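2 protein chains.
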Amino acid sequence: MFKRKNNVILPPAKIGIIGGGQLGKMLAFEAKRMGYTVIILDPTQNCPAGQVADKQIVGSLHDSNEIRKLAELTDVVTYEFEFVNADVLCELESEGYKIYPSGSTLKKIQNKYIQKSVFSSAGLPVPRFTKINHIEDIEEGIKDFGFPLVLKHCTGGYDGKGNIVIKDKKDIENVKNDLLLEKYEMMIEEFVAFDRELSIVVARSFDGKITYFPVAENTHEDSILKLTKVPAKISDQVEYKIKDIAQKVLEVFDDIGIFCIEIFLTANGEVYINEVAPRPHNSAHYTIEACITSQFEQQLRAITGMPLGSTKLMSPAVMVNVLGKQPIYGEYSVKGVGRILEEEGVYLHFYGKQFVDVKKKIGHITVLDDSLEKAEEKSIIALENLLIEPIKEEI
Amino acid sequence: MFKRKNNVILPPAKIGIIGGGQLGKMLAFEAKRMGYTVIILDPTQNCPAGQVADKQIVGSLHDSNEIRKLAELTDVVTYEFEFVNADVLCELESEGYKIYPSGSTLKKIQNKYIQKSVFSSAGLPVPRFTKINHIEDIEEGIKDFGFPLVLKHCTGGYDGKGNIVIKDKKDIENVKNDLLLEKYEMMIEEFVAFDRELSIVVARSFDGKITYFPVAENTHEDSILKLTKVPAKISDQVEYKIKDIAQKVLEVFDDIGIFCIEIFLTANGEVYINEVAPRPHNSAHYTIEACITSQFEQQLRAITGMPLGSTKLMSPAVMVNVLGKQPIYGEYSVKGVGRILEEEGVYLHFYGKQFVDVKKKIGHITVLDDSLEKAEEKSIIALENLLIEPIKEEI
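Residue numbers (the UniProt record's numbering), protein chains in the order written: chain X, 1 to 395; chain Y, 1 to 395.
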């Protein structure tokens, strides 16, 4: 469905989503509620989003033919995962297909070196960084940034994958032979001794309007998001700085859609952009229950040309991720749910993933409570009560 | 999946829903969010609930083989529509399948004469009523109840279908030849000169615990729900009476699941049960956004043996139904959405029905606002802005 004259995409128009994980599933929920038709592209048959969509194209997120097929079948295309074939998106856009955020924005974000360079050029605060072409460049970096520093793959990393913290010269020796600089593009970055990790999800609509969800405070474990608290306990000044950065990031991209900006906050109140994602974010799942508009409805509103919704927080909220503790390759059962649901304001989200692996995100729990401390306590107890077990056939 | 020893049904167990309309769709949303597997039985391929479920059995809601198939494929069965084959449900229960509410409760509810008799025997306030076996019985009824009175089909009516208000003797003459008393079971009922129409949705869990959603105030037009306001502006005394009735209704049935009790409130504060439905209800759609737990999550909790959730109202709410204004037998588009979404706290629900008909429910809009008056105003403006139009192919 090609070259609509009008920018507004009305129900029951077809929303194409590249990637069929939990983010795609939660977007599909909102789209289906509002009467849209949803088509998912994902290589895994019966993926989480595929389970609730009208249709799934089973195909690779990198295959230009499959992505083209999705665009041809739908009125607008978005993605829930940034490692998709961005060149095809650019090509399709040039033919008039609607894709938000655009392929060119995605390309800038996919490569962390380019992403940081874009922000740095715009005067936005990022940790100091440099490209590594030769192993000697690391030595140069040490002179400039000192220890520790972070060695990063420029492309393909998420949840901390592809990042290595280098604490001393010995660490360099240890990784030196594994770098394969002729094969992988790599960079080093100054290590920001952050006090807290924050994030903000922002949306930009066709008419350039921007909305800001509340700033969230995140706790990571092994680089994977563990817990999000909202509202973050930050000063007005820090909040202002973060919103200002968010606005400038969106202006740099001059694009449409939803973005998450991950922020490092240092003890003396300095803020740095850690990373930007051009999609809804794990740290804003709390918006589903806690805000007037969820981040997924906001994404839908942005890409369909609707006015953006209110981001007002209706209740303090804590979100905890449910991560796999052991690999389970067959069916698994979620035990302890009864105990968890005894508490008021506890919301269960299980994604329907086909297998469990160590630290794999298989669900999340959001808790609303007038007291943030109480919400956190409930969320921890909920996690403790949860038991993910393989289903053994009854004899 | 038959005769589980334990009453608790854990994700990803299979939830069977008889009927695939909007109520089934909204239940499926909650079940999919919580990680359950959802199978729908409905005769219409690609029905609203089928669009978001894991699987749909395309088959009649009355066909015992299809219902048996659904029960065999799932861990628990419920229904979103009361006119299904209740005998099969009873049979399946006797074989150990879990079906909530039970077939025997459903049978009592399906026949309005039996339903009213059950309540009347339990001392619950219902309008006076009597069975019509001969046309002369109407004359008797007039002597007892006076004019106007309501002539009702005992089975099969909903949204006012099958009900005729008899205002005078002439009206009796007019309908006399169409009654087909040898074919249809009929009753007459005293007409309650109600001041307002209210409803309450209540749930009962395995352990006999009951939760009460807030009392809602409803406006009907041509016997179809038009608008629901919550909280209803009623005295504590009336609220107490209604909750007391609700509790007794649930105790009469001694069953598990969710029930809606429609209430007539007279100008002098008397309350009468109008009708009871053994399922989620249009007048509690507001719970999705306005309550801690939605009526659909509550239904799911009840039938899976989970503790019931908090029914706390988080905001005043108004819900308006979107009804078809003209028949549309092809694809249709929902226009005016952009204008509607400009207002804060407005939630769109379109069911994805395959065709539109006059007064057919195709969606609803819920508005949250600190002021109930403001919410009502916004809901009316939203409806006025909405335009459902056939999609004409672009040339």
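Note that beta-carbon positions come from the ideal geometry of N, C-alpha and C, so glycine has one too. Since the model is a prediction, treat every value here as computed from it, not as a measurement.
{"Check": "At a CB distance below 7 Å, what residues from the stretch 316–327 of chain Y approach chain X? Give them in sequence order.", "Outcome": "none"}
{"Check": "What is the DSSP secondary structure of D42 of chain X, counted as helix, strand or coil?", "Outcome": "strand"}
{"Check": "Considering Cα atoms alone, identify which of X:A122, X:T287 and X:S333 is closest to I391 of chain X.", "Outcome": "X:S333"}
{"Check": "Counting only the same chain and skipping the five closest in sequence on each side, list residues whose C-beta sits under 6 Å from that of Q22 of chain X.", "Outcome": "P48 and Y351"}
{"Check": "Under 7 Å, CB to CB, which of the residues in the stretch 47–80 of chain Y have a partner in chain X?", "Outcome": "Q51, V52 and D54"}
{"Check": "Residues of the stretch 11–31 of chain X in Cβ contact with chain Y at a cutoff of 7 Å, in chain order, please.", "Outcome": "P11, P12 and F29"}
{"Check": "Using a C-beta to C-beta distance shorter than 7 Å, which residues of chain X count as neighbours of P307 of chain Y?", "Outcome": "G338, L341 and E342"}
{"Check": "Any beta carbon of chain Y sitting closer than 7 Å to that of K229 of chain X?", "Outcome": "no"}
{"Check": "Per DSSP, A216 of chain Y forms a beta bridge with which residues?", "Outcome": "Y:S199"}
{"Check": "R33 of chain X bridges to which residues according to DSSP?", "Outcome": "Paired residues: none, contrary to the question."}
{"Check": "Return helix, strand or coil for R128 of chain Y, following the three-state DSSP convention.", "Outcome": "coil"}
{"Check": "Using the Cα positions of V322 of chain X and K361 of chain Y, report the straight-line distance between them to the nearest angstrom.", "Outcome": "38 Å"}
{"Check": "Helix, strand or coil, according to DSSP, for R204 of chain X in the structure here?", "Outcome": "strand"}
{"Check": "So, D255 of chain X versus S102 of chain X, is the Cβ gap smaller than 7 Å?", "Outcome": "yes"}
{"Check": "Please identify, using Cβ separations under 8 Å, the residues of the stretch 287–311 of chain X that lie next to chain Y, in order along the chain.", "Outcome": "I292, R301, G305, M306, P307, G309 and S310"}
{"Check": "Hey, would you say D75 of chain X sits closer than 7 Å to K14 of chain X, going by beta carbons?", "Outcome": "yes"}
{"Check": "Quick one: residues in its chain with C-beta nearer than 8 Å to the C-beta of N163 of chain Y, no 5 flanking neighbours on either side, listed in chain order?", "Outcome": "V150, L151, K152, H153, G157 and S223"}
{"Check": "Exposed or buried, which one is Y347 of chain X when buried takes at least 16 other CB atoms within 10 Å?", "Outcome": "buried"}
{"Check": "Mind pulling the chain X residues with CB within less than 7 Å of V88 of chain Y?", "Outcome": "Here the premise fails: no neighbours, minimum Cβ distance about 25 Å."}
{"Check": "Figure out for me which residue from Y:F145, Y:P214 and Y:E384 has the closest Cα to the Cα of R128 of chain Y.", "Outcome": "Y:F145"}
{"Check": "What is the rounded straight-line gap between the Cα of K170 of chain X and the Cα of G309 of chain Y?", "Outcome": "55 Å"}
{"Check": "How about G345 of chain Y: is its C-beta nearer than 7 Å to some C-beta of chain X?", "Outcome": "yes"}
{"Check": "Can you name the start and end residues of the alpha helix (DSSP H) that N174 of chain X belongs to?", "Outcome": "K169 to K176"}
{"Check": "For M1 of chain X, decide whether its Cβ has a neighbour in chain Y, counting only Cβ atoms nearer than 7 Å.", "Outcome": "With a pLDDT of only 33 at M1 of chain X, under the threshold of 50, the placement of this residue in the model should not be trusted, and no figure is reported."}
{"Check": "Residues in the same chain with beta-carbon distance under 7 Å from C291 of chain Y, minus the five sequence neighbours each way, listed in chain order, please.", "Outcome": "F213, T311, K312, L313 and M314"}
{"Check": "What does G141 of chain Y touch in chain X if you count any residue whose Cβ is under 7 Å from its own?", "Outcome": "Neighbours of G141 of chain Y on chain X: none; closest Cβ ~45 Å, over 7 Å."}
{"Check": "So S117 of chain Y is in the alpha helix (DSSP H); what residue range does that whole segment cover?", "Outcome": "K112 to S121"}
{"Check": "DSSP state of M187 of chain Y, grouped into three classes?", "Outcome": "strand"}
{"Check": "Scan the stretch 241–311 of chain Y and note each continuous alpha helix (DSSP H) run of 4 residues or more that stays entirely inside, going in chain order.", "Outcome": "287–290 and 295–304"}
{"Check": "Could you tell me which chain Y residues have their CB closer than 7 Å to the CB of F355 of chain X, listed as they occur along the chain?", "Outcome": "Those do not exist, as F355 of chain X stays about 12 Å from chain Y at its closest Cβ, beyond 7 Å."}
{"Check": "Tell me the rounded alpha-carbon separation between K69 of chain Y and D54 of chain Y.", "Outcome": "15 Å"}
{"Check": "Helix, strand or coil for Q56 of chain Y, going by three-state DSSP, please let me know.", "Outcome": "strand"}
{"Check": "Going by DSSP, what residue range makes up the alpha helix (DSSP H) through E342 of chain Y?", "Outcome": "From DSSP, E342 of chain Y is part of no alpha helix (DSSP H); its letter is neither H nor E."}
{"Check": "In whole angstroms, what separates the C-alpha of G208 of chain Y from that of A277 of chain Y?", "Outcome": "19 Å"}
{"Check": "Determine the DSSP secondary structure at F194 of chain X, reduced to helix, strand or coil.", "Outcome": "coil"}
{"Check": "Comparing the C-beta of H349 of chain Y with each C-beta of chain X, is any distance below 7 Å?", "Outcome": "yes"}
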